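Following: one structure in structure tokens, then a few remarks.
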Amino acid sequence: MSERKLFGTDGIRGKANIYPMTSEVATALGRAVTYYFQKKNQNNKTPLVIVGKDTRLSCYMLEQAFASGVCSQGGRVIFTGPLPTPGVAFVTKSMRADAGVMISASHNSFDDNGIKIFDADGFKLPDEVELILEDLILNPDKMPIKVGGDIGRAKRLEGVEGRYIVHVKTALDDEYDLAGMRIVVDCANGASYKVAPMVLSELGAEVFSLGVNPNGKNINLNCGSLHPDMAKSEVLKLRADLGICLDGDADRVQIIDKNGTLIDGDKLIGIFAKLMLASGELKKGDTVVGTVMSNIGLEIYLKSLGLKFHRTSVGDRYIMEYMQESNAKLGGEPSGHIIFFDYATTGDGTLGALKAVEAMKYFGKSMEELSEEIELFPQVLKNITVKDKVAFEAIAPLQDALKAAEAKLKDRGRIIIRYSGTEPLARVMVEGDNIKLVNEICNELVAIIKKEIG
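Residue numbering for the sequence shown is 1 to 454, as defined by the numbering used here.
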């Protein structure tokens, strides 16, 4: 497969107003998406594209630029305004649109932005389609120019949040509600700042909201799933039953128990697997999907439940692709991207939060009690800023250190070294049952990478 020039692990992403995250690229992508889906459908239907966004300042610029490209190629655009990524995927399918687009850089700071694309069924595009779109962007003469009455139009859809709220609420079993629960929710000043508190409130919870005053620049700023300390403090201060931390586009969730302890994403997956097995949504022998970064402790726990575990490359898109192929119903990442295939086509933080509550209600236990059943191995993850993404195999000192480290860990640990798909970072993850050894190995590998390419 050809190397992708624009797309990373989750769409196109970068500094807003700097290539490739420019208005010009967004316009060209709008044209390419419209042309591709019109050609794919092999009919004369005018392509309809749903365009959602988070709360970044640059979203105004990029949504208009992308829509301009769609219209110039004869398509129709419906703007949703700020809406979680899973909400855009859901609305795309429910409105029978040809494609959906989310303008967001997820958990990144406000000066970054990104564009990710969904097909008519709400699934992220596979690599081969992204390569076709790249080719069209770089070779615009392959697309015919539309003129006169063939030019498209755009409009804003009011009240779209209500559609998504109704949909998410169906994920909570009808037997349960949130009445009597005190819940802290941190929306990261992002795309969920309206809908997440409304979902929880409508289900009966007493809701204490944080990160619900976006100003275009404060998305993910000392709040949300990447910075849960404020929510932890509020949970303790308010004696809440639960804390919920979402990221900028609300496709991931971090859960805080009543003691202010953060529940790891892998532990959440284990809890959800136990719930789905007990309720009949899963059966013995079914597969749960994770990534190469998933903790080996999760794998051991799932096997103890009689479930299989499959690892994919990092990225919820790859998890979903395998889930589609294997008919798996549950998958996710340690970061809190968790996919419930029966309810969503991508990670959904608000939905995950409701499933956490359902697990508490079903088993009659607190999150603390549920999470204690799953023993994770110590895991250290460090990021190193790099000048160039040189193939790790070509760095001889690193390869020598890896061989020595793997011999020390034996079969009681793992080492994963990879590059970020969206940032100039090398990520080193070391996992094992001896935390001292894990730290020593991680520090040694980080030092080599810094010296060679940092």
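Here a beta-carbon is modelled for each residue, glycine too, at the ideal position from N, C-alpha and C. In this text the structure is predicted, and so the values were computed from the model without any measurement.
Three-state secondary structure assigned by DSSP to I435: helix
In three-state DSSP terms, what is T27? helix
Give the straight-line distance between the Cα atoms of G432 and R412, rounded to the nearest whole angstrom. Here the C-alpha atom of G432 lies approximately 6 Å from the C-alpha atom of R412.
Measuring alpha carbon to alpha carbon, tell me which residue in A179, R418, F208 is nearest V235. F208
Pick from A205, V386, G152, E444: whose alpha carbon is nearest that of S420? V386
So A396 is in the beta strand (DSSP E); what residue range does that whole segment cover? No beta strand (DSSP E) holds A396; the alpha helix (DSSP H) holding it covers 396 to 409.
Give the single residue among V380, L125, F110, T287 whose Cα lies nearest to the Cα of F340. T287
Please check the pair T32 and L62, which I expect to be a contact at CB under 8 Å, by giving their CB distance rounded to whole angstroms. In the sequence on display, residue 32 carries Ala and not Thr. Here A32 is actually not in contact with L62; their C-beta atoms are around 15 Å apart, not less than 8 Å.
Limits of the beta strand (DSSP E) - the one that F340 falls within: 338 to 340
DSSP state of F66 mapped onto helix, strand, coil: In the three-state reduction of the DSSP assignment, F66 falls in the helix class, which pools H, G and I.
N- and C-terminal bounds of the beta strand (DSSP E) containing Q324: That residue, Q324, is in no beta strand (DSSP E); its alpha helix (DSSP H) goes 316 to 326.
Tell me the rounded alpha-carbon separation between K45 and Y60. Approximately 28 Å between the Cα atoms of the pair.
Contact under 7 Å by Cβ, F79 with G100: no
Who are P334's beta bridge partners in DSSP? Looking at the DSSP assignment, P334 forms no beta bridge with any residue, so it has no partner.
When the Cα atoms are used, what is the spatial distance from K124 to T312? Computed Cα separation, rounded: 16 Å.
What is the DSSP secondary structure of A344, counted as helix, strand or coil? coil
Assess contact between the segment 305 to 322 and the segment 132 to 143, defined as three or more Cβ pairs (one per stretch) separated by less than 8 Å. Is contact present? no
Take the Cβ of Q324 as the centre, count every other Cβ of all protein chains shown within 10 Å, and call the residue buried at 16 or more, exposed below. Exposed is the call here.
Quick one: which unbroken alpha helix (DSSP H) runs of 4-plus residues sit fully inside the segment 193 to 276? Chain order, please. Runs found: 195 to 202, 229 to 238.
Do the segment 150 to 168 and the segment 70 to 77 meet, that is, are 3 or more Cβ pairs less than 8 Å apart? yes
Return the CA-CA distance between K308 and L298, expressed in angstroms with no decimal places. 11 Å
Would G211 and C223 be called neighbours here (beta carbons separated by less than 7 Å)? In this structure, G211 sits near C223, with a CB-CB distance shorter than 7 Å.
What separation, rounded to the nearest whole angstrom, lies between the Cα atoms of V289 and G265? Taking the straight line from one Cα to the other gives about 13 Å.
Among all the DSSP beta bridges, which residues are the ones paired with Y419? A426
Hey, is the segment 184 to 199 in contact with the segment 241 to 254, meaning 3+ C-beta pairs nearer than 8 Å? yes
Of the choices G30, P82, R414, whose alpha-carbon is the least far from that of N513? Missing from the structure shown is residue 513; the chain here goes from 1 to 454 and no further.
Return the bridge partner residues of N383 from the DSSP annotation. According to DSSP, N383 bridges with R427.
Which residue marks the beginning of the alpha helix (DSSP H) containing P86, and which one marks its end? P86 -> alpha helix (DSSP H) spans 85 to 94.
Assigned exposure category for V357 - 16 Cβ within 10 Å defines buried: buried
Which listed residue (A188, Q379, P126, Y36) has its alpha carbon closest to that of N213: A188
Less than 7 Å separating the beta-carbons of I137 and A28? yes
In chain order, what residues of the same chain lie with their CB nearer than 7 Å to the CB of A231, ignoring the 5 residues before and after it? Shown here for A231: same chain residues with a beta carbon closer than 7 Å to its own, the five before and five after excluded, namely V184, D186, L210, G243, C245, I256 in chain order.
Over the uninterrupted beta strand (DSSP E) stretch that includes M102, give me the two end residues. 99 to 103
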